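**Student:** Just dropping this structure here.
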Ligand code: NZQ
Ligand code: ZN
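In the numbering used here, the protein residues as written are 5 to 390.
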């Protein structure tokens, strides 16, 4: 096991009716900026519950944070914070609203000339305005981590940011919000969380027996929950397990003491920036091919994954590893997820060269757990994904 430090300050309020508890988490005299997206919270009762919980408080609203939140939109909220002397931000929404809010609270305290530098350079965030969240879409884990991913429309870039200043002070996880989520977003949530676990687990053995079993238990729970939640998002038992699995998949716990990959995410963000494909769907396009391309590096963990998750017990390490990749792709298809770039666009042939060049320009020469995924390996993986 590798050495590690672990500190996660986010308070979780989990369960039915917990939105009602947010008033006690926010100072009584706070000037609150309420951030949200395109309006789903207005039709599913979440907005109403938040307003009721915060009755009598000073609230200014900023809506319209789009999926894959953009710098161009968010920078307007930074101006509003100064204008309205806001001192607490409450994000109510999915990963995009929460990530967007992380950028807003970081940029509001940033003293440099150009807030985009937080992403371009990137600048690690130690200090930001205090904020809390009400999660409406289980998927990203952003409600209990300190990362965010922001898009700049003008340059078709999608980049990550983070730092210890970006943990939410609190996050409400009420599984009842799941009942209004469309199937497309439920699928996204399952696949995003599943891939988060794979990024931190399908590397090489590090004698981290407990972390492996944490990771495997999240994968098993997601596999169990997927058909139930897709068939009936109002199934509270399934929704609760789905929601907590997504949070646990990326709140820092399972990555401690183990090598991590994250190359699938780096490549996937480019596919979203180029073709506007939903984040999770880009991951399903890339990871099976990344595992084939890096097979020698990953075969021990792939075989362990095949045995423990898919009961593939026959054959050599290589045969089990190969079968594990195939079984995972079959599962993605079973839950209605497409796994080729050409399923989404006819204009796919430019992707590999474009992404190779971008990674070369950024100096991203050593991705993956062994730092051996070069831009030319990335090109191969993307070509395999056509
Ligand atoms: O905007 P509204 O109207 O709220 O509608 C949203 C949006 O259209 C809708 N929605 C959310 N909750 C709902 C709901 N509709 C009905 N009922 C509800 N309860 O769903 C749509 C998609 O929302 P979005 O927030 O974009 O989805 P998701 O949570 O999957 O977030 C994706 C973003 O998170 C980033 C992704 O790159 C992408 O930009 N990620 C953030 C991570 C992090 N911070 O740790 C890690 C991830 O790997 C990921 O990169
Ligand atoms: Zn993700």
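For glycine and all other residues, C-beta sits at the position ideal for the given N, C-alpha and C.
Values in this document were obtained by computation on a predicted structure and should not be read as measured data.
My understanding is that residue 175 touches residue 136, with C-beta atoms under 8 Å, so please give their C-beta distance in whole angstroms.
**Tutor:** Going by Cβ atoms, the distance from residue 175 to residue 136 rounds to 7 Å, so yes, they are a contact pair.
**Student:** Any heavy atom of ligand 1 closer than 7 Å to the CB of residue 129?
**Tutor:** Residue 129 Cβ: outside cutoff for every heavy atom of ligand 1.
**Student:** Using CA coordinates, which residue listed in 262, 328, 157, 196 is at the minimum distance from residue 341?
**Tutor:** Of 262, 328, 157, 196, the residue nearest in Cα terms is 196.
**Student:** Using the C-alpha atoms, what's the distance from residue 207 back to residue 301?
**Tutor:** Cα-Cα distance, rounded: 7 Å.
**Student:** Just to confirm before moving on: does the CB-CB distance between residue 170 and residue 110 stay below 8 Å?
**Tutor:** Their beta carbons are under 8 Å apart, which means residue 170 touches residue 110 by this criterion.
**Student:** Are residue 141 and residue 108 close, meaning C-beta to C-beta below 8 Å?
**Tutor:** No.
**Student:** Using the rule of at least 16 other Cβ atoms within 10 Å of the residue's Cβ for burial, across every protein chain shown, is residue 123 buried or exposed?
**Tutor:** Counting Cβ neighbours within 10 Å, residue 123 comes out buried, since at least 16 surround it.
**Student:** For a quick check, are the C-beta atoms of residue 102 and residue 37 less than 8 Å apart?
**Tutor:** Not closer than 8 Å, so no.
**Student:** Based on Cα-Cα distance, which residue from 200, 68, 86, 50 lies nearest to residue 391?
**Tutor:** This structure cannot speak to residue 391, because the chain is shown only from 5 to 390.
**Student:** In angstroms with no decimal places, state the Cα-to-Cα distance between residue 338 and residue 251.
**Tutor:** Their Cα atoms are separated by approximately 24 Å.
**Student:** If contacts are defined as beta-carbon pairs under 8 Å, then residue 275 and residue 286 qualify, I think. What distance do you get, rounded to the angstrom?
**Tutor:** With a Cβ gap of about 4 Å, residue 275 and residue 286 count as contacting.
**Student:** Within the same chain, show all residues whose beta-carbon is closer than 7 Å to that of residue 63, passing over the 5 residues directly before and after it, in chain order.
**Tutor:** Hits under 7 Å: 36, 38.
**Student:** Taking the alpha-carbon of residue 32 as reference, which of 58, 354, 53 has the nearest alpha-carbon?
**Tutor:** Nearest of 58, 354, 53 to residue 32, Cα basis: 58.
**Student:** Go ahead and pull the three-state DSSP assignment for residue 80.
**Tutor:** Residue state, collapsed to three classes: helix.
**Student:** Between the C-alpha atoms of residue 374 and residue 269, what's the straight-line distance to the nearest angstrom?
**Tutor:** When rounded, the distance between both Cα atoms is 16 Å.
**Student:** Rounded to whole angstroms, what is the Cα-Cα separation between residue 182 and residue 164?
**Tutor:** Whole-angstrom Cα-Cα distance: 26 Å.
**Student:** Straight-line CA distance for residue 67 to residue 46?
**Tutor:** In a straight line, the C-alpha of residue 67 is about 11 Å away from that of residue 46.
**Student:** Out of 133, 54, 345, 367, point me to the one whose CA is closest to residue 272's CA.
**Tutor:** Residue 345 is the option with its Cα nearest to residue 272.
**Student:** List the whole-angstrom C-beta distance separating residue 278 from residue 363, where the pair is believed to meet the contact cut-off of C-beta under 8 Å.
**Tutor:** At roughly 13 Å, the Cβ-Cβ gap does not stay under 8 Å, so residue 278 and residue 363 are not in contact.
**Student:** Can you check which of these residues, 232, 73, 310, is closest to residue 205 by C-alpha distance?
**Tutor:** It is 310 whose Cα lies nearest to the Cα of residue 205.
**Student:** Do residue 324 and residue 356 have their CB atoms nearer than 8 Å?
**Tutor:** Their beta carbons are not under 8 Å apart, which means residue 324 does not touch residue 356 by this criterion.
**Student:** Report yes if the CB atom of residue 385 is closer than 8 Å to the CB atom of residue 288, and no otherwise.
**Tutor:** No, the Cβ-Cβ distance between residue 385 and residue 288 is not below 8 Å.
**Student:** Where do the ends of the alpha helix (DSSP H) carrying residue 162 lie?
**Tutor:** No alpha helix (DSSP H) holds residue 162; the beta strand (DSSP E) holding it covers 161-166.
**Student:** Is there at least one non-hydrogen atom of ligand 1 closer than 7 Å to the beta-carbon of residue 189?
**Tutor:** Yes.
**Student:** Using CA coordinates, which residue listed in 20, 76, 72, 81 is at the minimum distance from residue 50?
**Tutor:** Checked all of 20, 76, 72, 81; the closest Cα to residue 50 is 20.
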